[in-house]
Amino acid sequence: MLNNNIISQVFLGFVSLFSNFISALSGGGAGLIQLPALLFFGLPFSKALATHKVASVALGIGASVPHLKRSSFKLKYCFLILVSGIPGVLLGAYISSILPGHFSTTLLGILTLFLSFYSINQKNLGSSNRKIPITKLRIIIGSFGLFVIGFLNGYLSSGTGLFVTIWIITIFNLSFSVAVAYTLIFVGIFWNGIGAISLGLNGNIIWSYIPVLILGSLLGGYFGAYFSIIKGSKFIKFIFELISFSVGISLLFKGFL
């Protein structure tokens with residue numbers, strides 16, 4: 058492991074700032090850059106993942122400031138994301154401790170690439186925030202999908218915020234900008250917070266890296282969310298497609314190595 062000197066801390070700070078800025082724009086993908094950077098520093102995967110999870114909570118907190126000033130969140134969507142997703146996160150975290158993840162990592166990579174191509178093909182996806190009737194069937198399907206994504210979040214972590222963004226756009230016809238706001242706050246803070254606690258109980262968090270990662274996550278999350286509000290849904294859709302494609306390729310490489 059490299060020494061905890063000033064150069065390494067500065068490097069991690071810039072990595073955290075950049076990765077979380079991009080994540081706040083697209084609704085996920087910070088782990089694509091931040092997690093490999095921690096592995097580069099010689100951390101075992103379990104310790105790198107736990108440390109990344111803690112920093113991801115700071116991303117949600119930083120991104121929540123500009124979004125809370127602008128967005129009026131609907132309680133039913135907030136409740137659905139939390140109640141459906143958190144049990145999946147806990148189950149995924151437990152399963153990850155007893156089963157290998159190479160097959161699931163490869164599958165997740167393929168699905169993430171599909172997200173990118175699906176969004177590119179659907180030109181009007183996430184371009185409006187028109188209200189649609191929320192039937193019981195739509196709630197059941199939405200809840201099941203969020204549970205599955207929550208399971209992947211606890212099991213593998215990487216890229217699952219992108220799935221939440223596209224899922225709630227598809228199910229509830231939200232705009233990209235509104236969907237990203239829900240993802241950053243409720244997945245970033247609550248889902249990742251639960252994951253960080255469950256991993257941290259095993260003593261996996263490297264606390265010497267946490268201050269600089271949190272600072273980068275807070276600043277990156279805030280400015281990324283602020284920039285996404287200014288640019289609007291069309292720009293966010295493009296960034297989402299770019300990041301989901303990159304995450305998908307990264308996961309495929311990881312799955313086959």
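To convert a position in the sequence shown, counted from 1, into my numbering, add 57. Quick reminder that beta carbons are idealized off the backbone N, C-alpha and C, glycines included.
Determine the burial state of residue i: buried for a count of at least 16 other Cβ atoms within 10 Å of its Cβ, exposed for fewer.
i	result
residue 172	buried
residue 208	buried
residue 88	buried
residue 59	Only weak support is given to the placement of residue 59: the predicted model assigns it a pLDDT of 46, under 50, and the value that follows is read from those uncertain coordinates. It is exposed - the Cβ of residue 59 has fewer than 16 other Cβ atoms within 10 Å.
residue 289	exposed
residue 217	buried
residue 339	With the chain covering only 58 through 314, there is no way to say anything about residue 339.
residue 287	exposed
residue 265	exposed
residue 136	exposed
residue 226	buried
residue 243	buried
Leaving out five residues before and five after residue i in sequence, what residues of the same chain have Cβ atoms less than 8 Å from its Cβ?
i	result
residue 253	107, 110, 111, 113, 114 and 262
residue 83	219, 222, 237, 293, 296, 297, 299, 300 and 301
residue 228	195, 198, 199 and 202
Note down, in chain order, each residue of its chain lying with its Cβ closer than 6 Å to the Cβ of residue i, except the 5 sequence neighbours on either side.
i	result
residue 278	77, 81, 116, 119 and 120
residue 68	none
residue 170	305
residue 166	305, 308, 309 and 312
residue 248	142, 146 and 210
Got a sec? Which residues, its chain only, sit under 7 Å from residue i by beta carbon, not counting five neighbours each side?
i	result
residue 105	92, 95 and 96
residue 282	81, 120, 123, 124 and 241
residue 251	143, 146 and 147
Quick one: any contact between the region 193 to 207 and the region 135 to 152, if contact means 3 or more CB pairs under 8 Å? yes
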